[in-house]
Amino acid sequence: MEKYQIYQFVEKTKQQDKGQGLFELETERILEINLEEQIWAKMGTMVSYRGQIKFEREGILEHGLGKLFKKALTGEGASLMKATGTGKLYVADQGKKISILQLNGESICVNGNDLLAFEPGIQWDIKMMRRIAGLLAGGLFNVRLEGKGMVAFTSHYEPLTLIVEPGNPVYTDPNATVAWSGDLQPEFVTDVSLKSFFGRGSGESVQMKFNGRGFVVVQPYEEVYFGNKES
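Taking my numbering, the leading residue of the sequence shown gets 3, the next gets one more, and so forth.
Okay, here's the thing in C-alpha coordinates:
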(Lines of atoms letter the chains of each structure in order from A; the text may use other names.)
(Lines give C-alpha, C1' and ligand atoms only; values in the text may rest on other atoms or scores of the structure.)
Protein backbone atom coordinates (compact mmCIF):
# COMPACT_ATOMS: atom_id res chain seq x y z
CA MET A 3 0.00 0.00 0.00
CA GLU A 4 1.43 3.36 -1.05
CA LYS A 5 1.91 6.02 1.62
CA TYR A 6 2.16 9.75 1.02
CA GLN A 7 2.84 12.93 2.83
CA ILE A 8 -0.26 15.13 2.71
CA TYR A 9 1.08 17.31 -0.08
CA GLN A 10 2.00 14.19 -2.09
CA PHE A 11 -1.49 12.73 -1.68
CA VAL A 12 -3.11 16.01 -2.69
CA GLU A 13 -0.87 16.33 -5.72
CA LYS A 14 -1.57 12.79 -6.88
CA THR A 15 -5.36 12.84 -6.41
CA LYS A 16 -6.36 16.46 -7.05
CA GLN A 17 -8.85 17.43 -9.72
CA GLN A 18 -7.35 18.43 -13.04
CA ASP A 19 -8.84 20.30 -15.96
CA LYS A 20 -8.15 18.12 -18.99
CA GLY A 21 -9.96 20.32 -21.50
CA GLN A 22 -12.11 17.46 -22.81
CA GLY A 23 -15.35 19.43 -22.96
CA LEU A 24 -18.72 18.96 -21.31
CA PHE A 25 -18.12 15.40 -20.08
CA GLU A 26 -14.69 14.64 -18.66
CA LEU A 27 -13.54 11.50 -16.87
CA GLU A 28 -11.87 12.85 -13.75
CA THR A 29 -11.20 9.23 -12.80
CA GLU A 30 -12.52 6.00 -14.31
CA ARG A 31 -15.35 6.12 -11.78
CA ILE A 32 -16.10 9.85 -11.37
CA LEU A 33 -17.55 11.93 -14.19
CA GLU A 34 -16.90 15.67 -14.25
CA ILE A 35 -19.58 17.68 -16.05
CA ASN A 36 -18.47 21.17 -17.06
CA LEU A 37 -21.96 22.58 -16.84
CA GLU A 38 -22.89 25.67 -18.84
CA GLU A 39 -26.64 25.31 -19.16
CA GLN A 40 -28.45 22.08 -18.31
CA ILE A 41 -27.84 18.34 -18.00
CA TRP A 42 -29.82 15.23 -17.09
CA ALA A 43 -28.26 12.74 -14.66
CA LYS A 44 -29.39 9.69 -12.75
CA MET A 45 -31.06 10.63 -9.48
CA GLY A 46 -28.79 10.32 -6.45
CA THR A 47 -25.47 10.24 -8.32
CA MET A 48 -24.18 13.73 -7.42
CA VAL A 49 -21.09 13.48 -5.20
CA SER A 50 -19.85 17.10 -5.37
CA TYR A 51 -20.20 20.37 -7.24
CA ARG A 52 -18.93 23.93 -7.36
CA GLY A 53 -20.51 26.98 -8.94
CA GLN A 54 -24.10 28.12 -9.29
CA ILE A 55 -26.01 24.92 -9.95
CA LYS A 56 -29.66 24.20 -9.20
CA PHE A 57 -30.86 20.62 -8.82
CA GLU A 58 -34.42 19.52 -9.51
CA ARG A 59 -36.02 16.12 -9.36
CA GLU A 60 -37.57 15.11 -12.66
CA GLY A 61 -41.07 16.61 -12.77
CA ILE A 62 -43.98 14.20 -12.73
CA LEU A 63 -45.06 15.38 -16.19
CA GLU A 64 -41.62 16.55 -17.32
CA HIS A 65 -41.55 14.17 -20.27
CA GLY A 66 -45.23 13.60 -20.94
CA LEU A 67 -47.87 11.13 -19.85
CA GLY A 68 -46.47 8.27 -21.93
CA LYS A 69 -43.15 8.23 -20.10
CA LEU A 70 -44.87 8.81 -16.77
CA PHE A 71 -46.89 5.63 -17.33
CA LYS A 72 -43.79 3.66 -18.27
CA LYS A 73 -41.89 4.95 -15.25
CA ALA A 74 -44.74 3.87 -12.98
CA LEU A 75 -44.32 0.34 -14.33
CA THR A 76 -40.53 0.25 -14.26
CA GLY A 77 -40.00 1.73 -10.80
CA GLU A 78 -37.25 4.11 -9.72
CA GLY A 79 -34.41 2.77 -11.88
CA ALA A 80 -34.79 5.52 -14.48
CA SER A 81 -35.42 8.47 -12.14
CA LEU A 82 -33.57 11.56 -13.33
CA MET A 83 -32.43 14.85 -11.87
CA LYS A 84 -32.00 18.07 -13.84
CA ALA A 85 -28.93 20.18 -13.09
CA THR A 86 -29.13 23.76 -14.36
CA GLY A 87 -26.57 26.56 -14.15
CA THR A 88 -22.82 26.95 -14.50
CA GLY A 89 -20.04 25.15 -12.65
CA LYS A 90 -18.48 21.75 -12.21
CA LEU A 91 -20.66 18.79 -11.29
CA TYR A 92 -19.25 15.43 -10.23
CA VAL A 93 -21.38 12.30 -10.53
CA ALA A 94 -20.70 8.64 -9.78
CA ASP A 95 -22.75 5.48 -9.26
CA GLN A 96 -21.65 2.91 -6.67
CA GLY A 97 -18.06 2.96 -7.84
CA LYS A 98 -18.95 1.61 -11.28
CA LYS A 99 -16.72 2.28 -14.27
CA ILE A 100 -17.93 5.10 -16.54
CA SER A 101 -17.96 5.12 -20.34
CA ILE A 102 -18.73 8.19 -22.48
CA LEU A 103 -20.16 8.09 -26.00
CA GLN A 104 -20.60 10.95 -28.46
CA LEU A 105 -23.72 10.34 -30.52
CA ASN A 106 -23.73 11.89 -33.98
CA GLY A 107 -27.22 10.93 -35.07
CA GLU A 108 -26.85 7.31 -33.98
CA SER A 109 -28.96 5.57 -31.38
CA ILE A 110 -28.09 3.33 -28.45
CA CYS A 111 -30.09 1.43 -25.86
CA VAL A 112 -28.80 1.43 -22.29
CA ASN A 113 -30.02 -0.66 -19.40
CA GLY A 114 -32.11 1.70 -17.28
CA ASN A 115 -30.00 1.14 -14.19
CA ASP A 116 -26.73 1.86 -16.03
CA LEU A 117 -27.61 5.23 -17.57
CA LEU A 118 -25.62 7.94 -15.75
CA ALA A 119 -26.01 11.25 -17.64
CA PHE A 120 -26.84 12.72 -21.04
CA GLU A 121 -27.16 16.07 -22.77
CA PRO A 122 -30.63 17.63 -22.89
CA GLY A 123 -30.67 17.63 -26.71
CA ILE A 124 -30.69 13.83 -26.79
CA GLN A 125 -34.07 12.28 -27.54
CA TRP A 126 -34.89 9.37 -25.24
CA ASP A 127 -37.64 6.92 -24.44
CA ILE A 128 -38.17 4.07 -21.98
CA LYS A 129 -38.55 0.67 -23.63
CA MET A 130 -40.32 -2.05 -21.68
CA MET A 131 -39.14 -5.65 -21.88
CA ARG A 132 -42.62 -7.07 -21.45
CA ARG A 133 -41.85 -10.63 -22.45
CA ILE A 134 -39.34 -11.03 -19.67
CA ALA A 135 -41.48 -9.56 -16.87
CA GLY A 136 -41.96 -12.12 -14.13
CA LEU A 137 -39.09 -14.29 -15.38
CA LEU A 138 -36.22 -12.22 -14.05
CA ALA A 139 -35.44 -10.41 -10.81
CA GLY A 140 -34.33 -7.22 -12.57
CA GLY A 141 -33.41 -5.47 -15.78
CA LEU A 142 -36.98 -5.11 -17.04
CA PHE A 143 -36.48 -1.92 -19.03
CA ASN A 144 -33.97 0.03 -21.05
CA VAL A 145 -33.64 3.61 -22.28
CA ARG A 146 -33.24 4.30 -25.99
CA LEU A 147 -31.22 7.45 -26.71
CA GLU A 148 -30.84 9.08 -30.10
CA GLY A 149 -29.57 12.30 -31.61
CA LYS A 150 -26.47 14.43 -31.23
CA GLY A 151 -24.70 14.81 -27.91
CA MET A 152 -22.92 12.91 -25.18
CA VAL A 153 -24.19 9.97 -23.15
CA ALA A 154 -22.46 8.47 -20.10
CA PHE A 155 -23.25 4.99 -18.80
CA THR A 156 -21.77 2.73 -16.15
CA SER A 157 -20.65 -0.87 -15.83
CA HIS A 158 -19.26 -3.05 -13.10
CA TYR A 159 -15.58 -3.44 -14.00
CA GLU A 160 -14.38 -3.37 -17.63
CA PRO A 161 -17.10 -3.56 -20.30
CA LEU A 162 -16.77 -5.95 -23.23
CA THR A 163 -18.30 -5.11 -26.62
CA LEU A 164 -19.42 -8.01 -28.80
CA ILE A 165 -20.03 -7.48 -32.52
CA VAL A 166 -23.35 -8.83 -33.81
CA GLU A 167 -23.53 -9.99 -37.43
CA PRO A 168 -26.46 -11.34 -39.48
CA GLY A 169 -26.81 -15.07 -39.05
CA ASN A 170 -24.44 -15.13 -36.09
CA PRO A 171 -26.53 -14.10 -33.06
CA VAL A 172 -25.08 -13.20 -29.68
CA TYR A 173 -26.74 -14.47 -26.49
CA THR A 174 -26.28 -12.62 -23.18
CA ASP A 175 -27.36 -12.83 -19.58
CA PRO A 176 -29.89 -9.99 -19.11
CA ASN A 177 -28.37 -9.07 -15.73
CA ALA A 178 -24.94 -8.69 -17.33
CA THR A 179 -26.14 -6.74 -20.39
CA VAL A 180 -25.32 -3.02 -20.27
CA ALA A 181 -26.08 -1.53 -23.70
CA TRP A 182 -26.58 -2.29 -27.37
CA SER A 183 -26.82 -0.45 -30.68
CA GLY A 184 -30.22 1.11 -31.30
CA ASP A 185 -30.95 -0.85 -34.49
CA LEU A 186 -30.92 -4.18 -32.65
CA GLN A 187 -34.16 -5.61 -31.28
CA PRO A 188 -33.30 -8.20 -28.60
CA GLU A 189 -35.46 -11.26 -28.16
CA PHE A 190 -35.85 -13.21 -24.95
CA VAL A 191 -35.36 -16.94 -25.15
CA THR A 192 -35.40 -19.70 -22.58
CA ASP A 193 -33.46 -22.92 -22.64
CA VAL A 194 -33.95 -25.26 -19.72
CA SER A 195 -30.88 -27.24 -20.79
CA LEU A 196 -28.74 -24.18 -20.01
CA LYS A 197 -30.26 -23.59 -16.60
CA SER A 198 -27.18 -24.76 -14.72
CA PHE A 199 -24.70 -22.97 -16.97
CA PHE A 200 -26.07 -19.56 -17.88
CA GLY A 201 -26.44 -16.90 -15.20
CA ARG A 202 -27.67 -17.34 -11.67
CA GLY A 203 -30.81 -17.14 -9.55
CA SER A 204 -34.39 -17.90 -10.58
CA GLY A 205 -34.00 -16.48 -14.09
CA GLU A 206 -30.82 -18.22 -15.15
CA SER A 207 -32.41 -19.99 -18.11
CA VAL A 208 -33.50 -16.68 -19.70
CA GLN A 209 -31.19 -15.13 -22.26
CA MET A 210 -31.25 -12.08 -24.50
CA LYS A 211 -30.73 -12.93 -28.16
CA PHE A 212 -29.28 -10.26 -30.45
CA ASN A 213 -29.48 -10.87 -34.17
CA GLY A 214 -28.79 -8.49 -37.04
CA ARG A 215 -25.95 -6.00 -37.37
CA GLY A 216 -24.60 -3.98 -34.46
CA PHE A 217 -22.99 -4.48 -31.07
CA VAL A 218 -23.88 -5.39 -27.51
CA VAL A 219 -21.99 -4.37 -24.35
CA VAL A 220 -21.73 -6.76 -21.40
CA GLN A 221 -20.08 -6.54 -17.98
CA PRO A 222 -18.39 -9.27 -15.90
CA TYR A 223 -21.05 -8.97 -13.21
CA GLU A 224 -24.69 -9.94 -12.87
CA GLU A 225 -26.53 -6.93 -11.52
CA VAL A 226 -29.88 -7.58 -9.88
CA TYR A 227 -31.91 -4.39 -9.36
CA PHE A 228 -34.87 -5.42 -7.27
CA GLY A 229 -36.49 -8.52 -5.85
CA ASN A 230 -34.54 -11.63 -4.85
CA LYS A 231 -31.38 -9.58 -4.66
CA GLU A 232 -28.34 -11.65 -3.81
CA SER A 233 -25.58 -10.35 -1.61
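Beta carbons are placed, not taken as given, at the ideal position from N, Cα and C, and that holds for glycine.
Just grab the DSSP bridge partners of THR29 for me.
Bridge partners of THR29: ILE32.
Cα-Cα separation, LYS20 to GLU26:
Annotation: LYS20 to GLU26 spans about 7 Å, alpha carbon to alpha carbon.
Would a C-beta distance cut-off of 9 Å place LYS211 and VAL191 closer than the cut-off?
Cβ atoms of LYS211 and VAL191: closer than 9 Å.
Quick check on this structure: which residue in GLU13, SER109, TYR51, LYS99 has the alpha carbon closest to the alpha carbon of GLN187?
SER109
Which of helix, strand or coil DSSP assigns to LYS14
helix
Taking all protein chains shown into account, decide if LYS98 is buried (16 or more other Cβ within 10 angstroms of its Cβ) or exposed.
buried
From SER9 to THR15, what does the alpha carbon distance come to, in whole angstroms?
Looking at the sequence provided, one finds Tyr at residue 9 rather than Ser. Approximately 10 Å, taken between the alpha carbons.
Rounded to a whole number of angstroms, what is the C-alpha to C-alpha distance between ASN144 and GLU13?
40 Å
Can you tell me whether ASP193 is buried or exposed, with buried defined as 16 or more other CB within 10 angstroms of its CB?
exposed
Where does ASN113 land, buried or exposed, given buried means 16+ other C-beta within 10 angstroms?
buried
Among THR174, GLU189, GLY89, ASN213, whose alpha-carbon lies nearest the alpha-carbon of GLU224?
Distance from the Cα of GLU224 is smallest, within the candidate group THR174, GLU189, GLY89, ASN213, for THR174.
Compare the C-alpha of ARG59 against each of LYS84, PRO176, MET130 and name the closest.
Minimum Cα distance to ARG59 is reached at LYS84.
Can you name the start and end residues of the beta strand (DSSP E) that ASP127 belongs to?
125–130
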